[in-house]
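Residue numbers (UniProt numbering), protein chains in the order written: chain A, 1 to 384; chain B, 1 to 384.
Note that CB positions come from ideal geometry on N, CA and C, so glycine has one too.
For clarity, every value in this text was computed on a predicted model and none was experimentally measured.
Number of protein chains: 2
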Amino acid sequence: MSGTTNESKLSDDELRAWAYLATVAEPPCAPLIALVEDLGAIEAAKAVRKRSVPSQHRKVLVPTEARAAYDTADMDLETCDRIGARLITRDDADWPEWQLLALDQAETALRGGGPLALWARGPLTCAEVTDSSLALVGSRAASSYGDYVSGQMAGGLAEAGWAVISGGAYGIDGAAHRGALAAGGKTVAVLACGIDRDYPTGHAQLLREIGQRGLILTEYAPGTTAAKHRFLTRNRLVAALASGVIVVEAGRRSGAANTAAWATRIGRPLGAVPGAVTSATSVGTNSMIADGAATLIADADAAMALVAPDGHDTKPAARRRNTDDLSDEQRRVIEALPARGGLTVDEIAFISGIRVDGVLKALGSLELAGLVDGSAGTWQLVRG
Amino acid sequence: MSGTTNESKLSDDELRAWAYLATVAEPPCAPLIALVEDLGAIEAAKAVRKRSVPSQHRKVLVPTEARAAYDTADMDLETCDRIGARLITRDDADWPEWQLLALDQAETALRGGGPLALWARGPLTCAEVTDSSLALVGSRAASSYGDYVSGQMAGGLAEAGWAVISGGAYGIDGAAHRGALAAGGKTVAVLACGIDRDYPTGHAQLLREIGQRGLILTEYAPGTTAAKHRFLTRNRLVAALASGVIVVEAGRRSGAANTAAWATRIGRPLGAVPGAVTSATSVGTNSMIADGAATLIADADAAMALVAPDGHDTKPAARRRNTDDLSDEQRRVIEALPARGGLTVDEIAFISGIRVDGVLKALGSLELAGLVDGSAGTWQLVRG
């Protein structure tokens with residue numbers, strides 16, 4: 001299933017209830033999810049609006065209090081219709097349940113748990129982009145090295161059919177999205193603002209393209225502005241939706257470290273691209289590798305192998321003809337021979353430290369291999 | 001003890017015997033070492049010269065056959081006297097027995113074992129340079145990045161009193177030696193040729209300086225030319241003499257990989273400096289880190305900590321004032337406030353999703369911290 005129209009099988013009332021609930025508390029809000037799971041969306045919305053919930057759910061009152069009286073559901077759903085967005089709820093067939101499960105687990109739920117619903121825009125479904133996917137993240141103030149590697153790696157992943165997930169930001173994120181799009185592949189931007197917002201504004205055109213060919217996801221209702229705490233909250237979704245996270249470039253302090261921490265917390269393989277130790281924008285990635293928190297990832301193949309170690313054979317290393325295949329004695333005889341001119345067998349024996357019969361034997365096989373020539377009375381190297 | 005003259009307490013005959021033995025077989029030659037250990041140097045030299053050894057030592061005959069009749073001991077010792085070199089034997093007080101022990105162990109002895117003796121030049125003793133020492137090795141065709149990092153790291157090690165051991169080659173080796181010398185520190189060049197040779201010739205001046213201020217070591221007798229198999233043999237000494245090995249830069253195929261393999265084989269900690277994944281001269285180091293063979297090393301401190309993890313506290317990371325110390329609610333209130341202008345408490349409550357009393361509480365502590373100002377009737381951020 002794909003398309004920009006809302007394909008949820010929910011009734012209008014149900015959808016309105018979900019839209020209200022998706023806005024009434026700042027995500028993440030585990031108590032609200034618990035309420036919806038107990039009562040269903042319609043009853044949960046009523047209870048929150050009336051400030052009257054079952055006693056075991058009273059924790060939901062505080063985080064919903066500030067917005068309970070403001071029902072923007074109709075307006076938000078109209079906005080979605082207008083811009084071709086949809087609301088994917090926990091009841092939706094396309095809800096990425098397996099991927100987001102880790103966020104609802106006890107340990108991480110303390111930090112808020114998973115999203116209640118996801119606003120989505122773009123032709124791809126969640127199922128199409130989460131199966132084989134990698135998040136490429138990193139500094140907004142990326143170096144040209146970081147931009148280049150991010151774009152190349154994203155292109156390699158996209159060509160292999162993998163989806164590239166990132167945060168739509170300047171720098172590494174943008175280069176990753178662009179690399180995937182340029183390769184004609186799948187990319188997903190997870191925003192820290194409303195689905196109708198172009199943030200950052202300089203990425204309006206990029207986000208339009210992702211909306212037309214990829215997928216934009218956010219747990220923030222239309223109109224929500226980007227804010228620092230929302231970036232941190234958004235990062236957990238990037239980590240959870242992807243099968244693994246690669247930090248391409250990160251300085252000593254970087255938001256990417258937060259996404260990396262989320263990956264580790266919820267058990268997603270974490271990779272990092274190394275960089276020059278003289279580069280400020282690689283201090284973070286080098287440090288993650290040095291600490292053992294991340295695996296060093298040099299290219300798209302290594303990135304895929306991080307997530308699917310058995311599914312991706314590494315290419316055989318390029319081999320060139322060399323003296324590694326020679327026996328120790330053959331090699332010592334070769335090394336004893338000068339670049340120009342020839343030597344007698346006795347001279348070779350002395351220089352190489354191999355006795356005469358060993359030298360003769362080695363010279364015989366080296367001659368057969370076309371590496372030495374004894375036809376001039378002395379032995380010499382064959383050029384070329 | 002230090003000085004360029006021969007300070008061995010051996011008799012002249014003993015020294016001559018050692019010098020003969022040190023030349024009669026191409027190192028490494030474990031059977032010859034076993035013979036010397038059984039018979040002593042003088043009797044061992046006689047036995048080899050006469051081609052008559054105890055039956056359990058008959059393995060020594062083949063590797064000594066080619067050179068047995070050529071006794072260059074007097075000539076070699078005269079050369080040493082002339083250039084201020086000395087022969088350090090296994091009987092010498094300065095023999096680095098502990099460091100070289102690993103090379104005589106069963107597993108590695110199969111590959112030849114340790115050296116029989118070491119030709120040495122320079123004011124430093126082995127004891128002075130092996131206690132706290134690191135080998136910095138890498139490509140001859142180093143990039144300017146590799147040269148820079150090698151020099152910086154060597155300088156840092158030298159300043160901390162550590163000896164920098166390397167192979168005297170172009171590229172990384174040379175930069176490491178120079179970095180240590182420039183910092184007024186200790187450096188050791190382990191050669192793959194005779195102690196009287198300047199190899200590579202372009203490093204004649206550098207080797208002279210090391211000979212005057214550091215230490216040059218080799219198991220090859222005066223006059224021996226450098227050859228490929230000798231570089232490989234020499235590499236095991238670099239690894240053994242150092243407390244750890246750092247590969248600064250290495251391409252896909254590099255001699256440094258051989259030194260790295262030796263480090264692993266004999267249990268020396270192995271580090272590697274990462275580099276751009278777009279750099280051909282960092283393919284080898286990045287790959288060692290990715291495979292888990294080497295630890296990522298970004299600077300001299302990390303290099304020392306690799307060898308002495310408890311002896312070197314990492315410097316506390318630079319801290320700057322930021323919003324990380326704020327509570328979740330405080331941060332959300334801060335983020336709700338616009339860069340210019342102010343908001344009412346109700347507006348902040350809606351935008352942040354925190355109810356009014358929570359907003360007021362957060363604003364109170366933020367005002368005390370000097371981060372927000374409510375004196376104008378609305379709440380706004382404090383600049384600066």
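Query                                                                                                                                                                  : Result
Counting only the same chain and skipping the five closest in sequence on each side, list residues whose C-beta sits under 8 Å from that of ARG178(A).                 : GLY151, ALA154 and LEU206
For LYS50(B), is the classification buried or exposed, using 16 other Cβ atoms within 10 angstroms of its Cβ as the cut-off for buried?                                : exposed
When you compare each of SER287(B), ILE297(B) and GLY342(B) to PRO269(B) by their alpha carbons, which one comes out closest?                                          : ILE297(B)
Quick one: which chain B residues come within Cβ less than 8 Å of ARG331(A)?                                                                                           : LYS228 and HIS229
Could you give the distance in angstroms between the alpha-carbon of ALA308(A) and the alpha-carbon of ALA176(A)?                                                      : 20 Å
Using a Cβ-Cβ distance under 8 Å, would VAL273(A) count as near chain B?                                                                                               : yes
With distances taken from CA atoms, which of GLY342(A), ALA272(A), GLN330(A) and THR281(A) is nearest LEU134(A)?                                                       : ALA272(A)
Find the nearest neighbour of ALA182(B) within the set VAL164(B), ASP71(B), TYR199(B) and ALA169(B), judged by alpha-carbon distance.                                  : VAL164(B)
Would you mind listing the beta strand (DSSP E) stretches within the segment 103 to 162 of chain A that are 3+ residues and don't spill past its ends, in chain order? : 117 to 121 and 133 to 138
Residues in the same chain with beta-carbon distance under 6 Å from GLN380(A), minus the five sequence neighbours each way, listed in chain order, please.             : GLY342 and ASP373
Check ASP71(B) in the structure and name its three-state DSSP category.                                                                                                : coil
Using a beta-carbon distance below 8 Å, is THR378(A) in contact with chain B?                                                                                          : no
List the residues that DSSP assigns as beta-bridge partners of SER166(A).                                                                                              : ALA189(A)
Please tell me whether ILE289(A) has its Cβ less than 8 Å away from any Cβ of chain B.                                                                                 : yes
Could you tell me the alpha carbon to alpha carbon distance between ALA349(A) and THR225(B), rounded to whole angstroms?                                               : 14 Å
Which residues in the same chain have their Cβ closer than 6 Å to the Cβ of TRP262(B), if we skip the five residues on either side of it in sequence?                  : ASN235, ARG236 and ALA239
May I ask you to report which of helix, strand or coil DSSP gives TRP95(A)?                                                                                            : coil
Exposed or buried, which one is ARG86(A) when buried takes at least 16 other CB atoms within 10 Å?                                                                     : buried
Going by DSSP, what residues sit across from ASP81(A) in a beta bridge?                                                                                                : Paired residue(s): none; ASP81(A) is not in a bridge.
To the nearest angstrom, how far is it from the Cα of LEU34(A) to the Cα of ASP13(A)?                                                                                  : Contrary to the premise, residue 34(A) reads as Ala rather than Leu in this sequence. Cα to Cα, the separation comes out at about 20 Å.
For ASP117(A) versus GLU219(A), is the C-beta spacing smaller than 8 Å?                                                                                                : Reading off the sequence, residue 117(A) comes out as Ala, not Asp. Against a cut-off of 8 Å, the Cβ pair of GLU219(A) and ALA117(A) comes out as a contact.
Helix, strand or coil, according to DSSP, for VAL53(A) in the structure here?                                                                                          : coil
First and last residue of the beta strand (DSSP E) that includes LEU215(A)?                                                                                            : 215 to 218
If you run the structure through DSSP and keep just helix, strand and coil, what is ASP313(B)?                                                                         : With a pLDDT of 35 at ASP313(B), under the threshold of 50, the predicted position of this residue should be treated as unreliable, though the coordinate-derived value follows. The answer is coil: DSSP assigns ASP313(B) none of H, G, I, E or B.
Looking at chain A, which residues of the segment 290 to 307 of chain B have a Cβ within less than 8 Å of any of its Cβ atoms?                                         : ALA290, THR295, LEU296, ILE297, ALA298, ASP299 and ALA302
With LEU15(B) as the anchor, note down where its alpha helix (DSSP H) starts and where it stops.                                                                       : 12 to 24
Return yes when the Cβ of THR233(A) is within less than 8 Å of the Cβ of VAL245(A), no when it is not.                                                                 : no
Report the rounded CA-to-CA distance for THR130(A) versus LEU100(A), giving the unit in angstroms.                                                                     : 11 Å
Would you say ASN235(A) lies against chain B (beta-carbon separation less than 8 Å)?                                                                                   : no
Which of the three DSSP states is assigned to GLY171(A) in this structure?                                                                                             : coil
Check the Cβ of ALA242(A) against every Cβ in chain B and list those closer than 8 Å, keeping chain order.                                                             : Under the 8 Å cutoff, chain B gives no residues; its nearest Cβ is about 20 Å from ALA242(A).
Opposite GLY271(B) in the DSSP bridges: which residues?                                                                                                                : ILE246(B) and THR295(B)
Taking C-beta to C-beta, are VAL190(A) and GLY171(A) nearer than 8 Å?                                                                                                  : no
Assign TYR199(A) to buried or exposed, taking buried as 16 or more other Cβ atoms, counted over all protein chains shown, within 10 Å of its Cβ.                       : buried
Consider the Cβ of GLU65(A): report whether some Cβ of chain B lies at a distance smaller than 8 Å.                                                                    : yes
Using Cβ-Cβ distances below 8 Å, what residues of the segment 41 to 68 of chain B are close to chain A?                                                                : VAL62, PRO63, GLU65, ALA66 and ARG67
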